[in-house]
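Chains as they are written, first to last, in our numbering: chain C, 6 to 124; chain S, -8 to 272.
By construction, the Cβ of each residue, glycine as well, lies at the ideal position given by its N, Cα and C atoms.
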């Protein structure tokens, strides 16, 4: 099960389409707080995570996720317009497994999944 | 397209670059050569061909060949190939070359450089095992434009993300306005030059490994055989040839043998038993 976390309905729809085409089940959240609540209910296998969101941003969500019981299990893929090296390093140091810079396409997402043994 | 125009172009491509162009690929000529014709102020591909007939217009010929060359490439293409290289082949070669401490690798169709840089990143990650070693990497391609791109090591937003783990992007690239550039120490490890595989490459010397992936599929059988036979003379018995995942030597040459279970990896025919040891079978 993938948890797609993005405040843009359009981006969530694109990501859902790509992931479901690859055979994955998906669920969605609009911000970090909603995503944490979803993780408490059911820890996903992987998270596709925006950085800039209202209420709780992606990096704060990731910090709190990794501190949860079983929170180290999901693969976390940032998927964001942030593309400075400092942001990438911050994401990796906080526990992200991959980092996708928007705009992205199915090829990029699929190749990143393959790198993590998910496709 | 008239038969004589198609035949002229097909002959030119086969003789100058080895590319085999069946008649059902006529659409490729139309789509790729129309911009070349316009660039050289020709209204049609017919008049472009007239300009090439009879005379030695090398600039035009080169532009036609470059336009017809497929340059699809991305980092760590066919991930398992690079895993086998890193986990099996490289340690075996490091053990076998412990005295000489020298490795030579040729990327015979390097396109815009993603394949050699993928290997260079692996070698950098394994640098502790290669301290004091001389590793020579040569990247060649028929396309001058691709070789220039490879030398520059600058990749677009999309190219830099396709197949490349973010950890390696963070480690070996710097961000620029136009995209992501390979850092100088890695770029300087590889010598890039234009080269046509139809020409004699024995002067390059021997190579422990040759990567020649996803290029021979575009060549006629005789051309493939000739190139592979000549490559077999450069690869020592414990070396290897990497072809594309869907390519094979079966029915083409007996100078290399495929390794069972490792699609796209081949060894000199006389060395088949050694391969099993090298890949840990």
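> Quick one: is residue 41 of chain C near chain S, going by C-beta distance under 8 Å?
Replying inline: Counting from 1 along the first chain, the entry for residue 41 of chain C is found at position 36. No, residue 41 of chain C does not count as interfacial toward chain S.
>> Between which two residues does the beta strand (DSSP E) holding residue 106 of chain C run?
In response: As a first step, residue 106 of chain C must be located in the first chain, where it is residue number 101. First-last of the beta strand (DSSP E) with residue 106 of chain C: 103 to 106.
> Is there at least one Cβ from chain C nearer than 8 Å to residue 254 of chain S's Cβ?
Replying inline: The count along the second chain starts at 1 and reaches residue 254 of chain S at position 263. So no, residue 254 of chain S is outside the interface.
> Closest to residue 104 of chain S by CA distance: which of S:210, S:231, S:213 and S:130 is it?
Replying inline: Walking along the second chain from the start, residue 104 of chain S turns up at place 113. Taking only the C-alpha atoms, the option nearest residue 104 of chain S is S:130.
> Hey, how far is the Cα of residue 217 of chain S from the Cα of residue 99 of chain S?
Replying inline: Start at 1 with the first residue of the second chain, and residue 217 of chain S comes out as number 226. Start at 1 with the first residue of the second chain, and residue 99 of chain S comes out as number 108. About 14 Å.
> How many Å lie between residue 57 of chain S and residue 195 of chain S at the Cα?
Replying inline: For the purposes of this step, residue 57 of chain S is taken as residue 66 along the second chain, with counting starting at 1. For the purposes of this step, residue 195 of chain S is taken as residue 204 along the second chain, with counting starting at 1. Roughly 23 Å separates the two Cα atoms.
>> If you follow the beta strand (DSSP E) that residue 259 of chain S is in, where does it begin and where does it stop?
In response: Residue numbering aside, residue 259 of chain S sits at position 268 when the second chain is read from its first letter. 256 to 259 is the span of the beta strand (DSSP E), which, as asked, contains residue 259 of chain S.
> For chain C, is any of its Cβ atoms less than 8 Å away from the one on residue 78 of chain S?
Replying inline: Position 87 of the second chain, counted from the first residue, corresponds to residue 78 of chain S. Chain C contact via Cβ: absent.
>> Pop quiz: residue 40 of chain S and residue 10 of chain S are said to be a contact at Cβ under 8 Å. What is the actual Cβ separation, rounded to whole angstroms?
In response: Residue numbering aside, residue 40 of chain S sits at position 49 when the second chain is read from its first letter. Residue numbering aside, residue 10 of chain S sits at position 19 when the second chain is read from its first letter. That pair is no contact at about 16 Å.
> Got a sec? Which residues, its chain only, sit under 7 Å from residue 124 of chain C by beta carbon, not counting five neighbours each side?
Replying inline: Here residue 124 of chain C corresponds to residue number 119 of the first chain, with the count starting at 1. These residues qualify, in order along the chain: 27, 115 and 118.
> Using DSSP with H/G/I as helix, E/B as strand and the rest coil, what is residue 64 of chain C?
Replying inline: Your numbering for residue 64 of chain C matches position 59 in the first chain. Residue state, collapsed to three classes: helix.
> Is it true that the region 102 to 111 of chain C meets the region 78 to 91 of chain C, where meeting means three or more beta-carbon pairs spaced less than 8 Å apart?
Replying inline: yes
> Closer than 8 Å, CB to CB, is residue 154 of chain S near chain C or not?
Replying inline: What you label residue 154 of chain S is simply residue 163 of the second chain in a count that begins at 1. For residue 154 of chain S, the answer is yes, since a Cβ of chain C falls inside 8 Å of its Cβ.
>> Contact criterion: CB-CB distance below 8 Å. Does residue 64 of chain C meet it with respect to chain S?
In response: As a position in the first chain, residue 64 of chain C is number 59, starting the count at 1. Taking Cβ atoms only, chain S never reaches closer than 8 Å to residue 64 of chain C, which makes this a no.
> From C:75, C:12, C:46 and C:56, pick the residue whose C-alpha is nearest to that of residue 103 of chain C; which is it?
Replying inline: Within the first chain, the letter at position 98 stands for residue 103 of chain C. When each option's Cα is compared against that of residue 103 of chain C, the closest is C:56.
>> Could you give the first and the last residue of the continuous alpha helix (DSSP H) run that contains residue 203 of chain S?
In response: As a first step, residue 203 of chain S is located in the second chain; it is residue number 212 there, counting from the start. It is not in any alpha helix (DSSP H) - residue 203 of chain S carries neither H nor E in the DSSP assignment.
>> Using a Cβ-Cβ distance cut-off of 8 Å, determine whether residue 186 of chain S contacts chain C.
In response: Residue mapping note: residue 186 of chain S aligns to position 195 of the second chain, counting from 1. No, its Cβ sits nowhere closer than 8 Å to a Cβ of chain C.
> In the DSSP assignment, what residue or residues form a beta bridge with residue 90 of chain C?
Replying inline: For the purposes of this step, residue 90 of chain C is identified with residue 85 of the first chain, where counting begins at 1. BP columns for residue 90 of chain C are empty, so no partner.
> In chain order, which continuous runs of the alpha helix (DSSP H) of length 4 or greater are located wholly inside the region 56 to 106 of chain S?
Replying inline: 70 to 75 and 81 to 87
>> So, under 8 Å CB-CB, residue 115 of chain S and residue 177 of chain S are touching, yes? Tell me the CB distance rounded to an integer number of Å.
In response: The sequence position of residue 115 of chain S within the second chain is 124, counting from 1. The sequence position of residue 177 of chain S within the second chain is 186, counting from 1. Their Cβ separation, rounded to whole angstroms, is 7 Å, which keeps residue 115 of chain S and residue 177 of chain S in contact under 8 Å.
> Are the C-beta atoms of residue 81 of chain C and some chain S residue less than 8 Å apart?
Replying inline: Here residue 81 of chain C refers to the residue found at position 76 of the first chain. Answer no: the Cβ-Cβ gap between residue 81 of chain C and chain S never drops below 8 Å.
> Going by C-alpha distance, which of C:122, C:79, C:121 and C:89 is nearest residue 7 of chain C?
Replying inline: As a working note, residue 7 of chain C is residue 2 in the first chain. Answer by Cα proximity: C:79.
>> Among the candidates S:139, S:108, S:75 and S:248, whose CA atom is the shortest distance from the CA of residue 220 of chain S?
In response: Against the second chain, residue 220 of chain S aligns to sequence position 229. For the residues S:139, S:108, S:75 and S:248, the minimum Cα distance to residue 220 of chain S belongs to S:248.
> Among residues of its own chain, excluding the 5 on either side of residue 133 of chain S, which ones have a beta-carbon nearer than 8 Å to its beta-carbon?
Replying inline: The count along the second chain starts at 1 and reaches residue 133 of chain S at position 142. Cβ within range, chain order: 8, 56, 57, 60, 100, 185, 186, 187 and 188.
> From residue 12 of chain C to residue 36 of chain C, what does the alpha carbon distance come to, in whole angstroms?
Replying inline: Position 7 of the first chain, counted from the start, is the residue given in the question as residue 12 of chain C. Position 31 of the first chain, counted from the start, is the residue given in the question as residue 36 of chain C. If you take the alpha carbons of residue 12 of chain C and residue 36 of chain C, they lie about 6 Å apart.
> When the Cα of residue 113 of chain C is compared with those of S:152, S:-5 and S:136, which residue comes out closest?
Replying inline: In the first chain, the residue the question calls residue 113 of chain C occupies position 108. Ranking the options by Cα distance to residue 113 of chain C, first place goes to S:152.
> Using a Cβ-Cβ cut-off of 6 Å (strictly less than) and excluding sequence neighbours within five positions of residue 264 of chain S, which residues of its own chain qualify?
Replying inline: Counting from 1 along the second chain, the entry for residue 264 of chain S is found at position 273. Bear in mind that the predicted position of residue 264 of chain S carries a pLDDT of just 49, short of 50, making it too unreliable to give a figure here.
>> Using only CA atoms, which one of S:25, S:201 and S:45 lies nearest to residue 106 of chain S?
In response: Locating residue 106 of chain S in the second chain gives position 115, where the first residue counts as 1. Ranking the options by Cα distance to residue 106 of chain S, first place goes to S:201.
> Closest to residue 29 of chain C by CA distance: which of C:15, C:42 and C:51 is it?
Replying inline: Walking along the first chain from the start, residue 29 of chain C turns up at place 24. Comparing Cα positions, the closest option is C:51.
> Under 7 Å Cβ-Cβ, which residues of chain C neighbour residue 158 of chain S?
Replying inline: Indexing the second chain from 1 puts residue 158 of chain S at position 167. Neighbours of residue 158 of chain S on chain C, chain order: 97.
> Quick one, are the C-beta atoms of residue 4 of chain C and residue 31 of chain C less than 8 Å apart?
Replying inline: The requested residue 4 of chain C is not part of the displayed model; chain C covers only 6 to 124.
>> Which residues in chain S have a C-beta closer than 8 Å to the C-beta of residue 106 of chain C? List them in chain order.
In response: As a working mapping, residue 106 of chain C is identified with position 101 in the first chain. Here the neighbours are 148 and 152.
>> Less than 8 Å between the C-beta atoms of residue 157 of chain S and residue 93 of chain C, yes or no?
In response: Within the second chain, residue 157 of chain S is the residue found at index 166, counting from 1. Within the first chain, residue 93 of chain C is the residue found at index 88, counting from 1. The answer is yes: Cβ separation under 8 Å.
> Beta-carbon of residue 132 of chain C versus every beta-carbon of chain S: anything under 8 Å?
Replying inline: It is not possible to answer for residue 132 of chain C, since the shown part of chain C is limited to 6 through 124.
> Counting along the chain, where does the beta strand (DSSP E) carrying residue 9 of chain C start and finish?
Replying inline: To locate residue 9 of chain C, count along the first chain from 1; it is residue 4. Per DSSP, residue 9 of chain C belongs to the beta strand (DSSP E) from 7 to 10.
>> Quick check on DSSP: helix, strand or coil for residue 276 of chain S?
In response: Not covered by the structure: residue 276 of chain S. The range shown for chain S is -8 to 272.
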